[in-house]
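Right, one structure below, let's go through it.
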Ligand SMILES: [Zn+2]
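Below you can see the structure in the form of structure tokens.
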């Protein structure tokens, strides 16, 4: 999948809908377990992801040399505070598998 597609998945409304409805960012079907997140090394290091949650089987098209997958049983959806430099909501896996 291209960078443009990844950027499209970052649409704020879509990200929020995926978070609140617990649906997959790629196929929009309900999430089970594990829940997968795709992120850069920096996102993995911070445990804060920008792309919506995914089925593990839906991650393949988003992966490249700069992105890896983590799996979790659950996550927090964290909206930025006013003073945060990063004004995008993030997903923070809380039960890594
Ligand atoms: Zn899916």
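In my numbering, the protein residues as written are 10 to 106.
Think of the CB as a built atom: it goes at the ideal place given N, C-alpha and C, for glycine as much as any other residue.
Item: Answer with yes or no whether the minimum CB distance from residue 32 to chain C is below 9 Å.; Value: The question asks about chain C, but that chain is absent: this structure has only one protein chain.
Item: Only counting runs of 3 or more residues, tell me where the beta strand (DSSP E) segments fall wholly within the region 10-67, in order along the chain.; Value: 44-48
Item: Tell me which residues share the same chain as residue 35 and place their Cβ nearer than 6 Å to its Cβ, disregarding the 5 neighbours each side in the sequence.; Value: 63 and 67
Item: What residue does the beta strand (DSSP E) around residue 88 start on, and which one ends it?; Value: That residue, residue 88, is in no beta strand (DSSP E); it is neither H nor E in DSSP.
Item: Beta carbon of residue 43, beta carbon of residue 106: below 9 Å?; Value: yes
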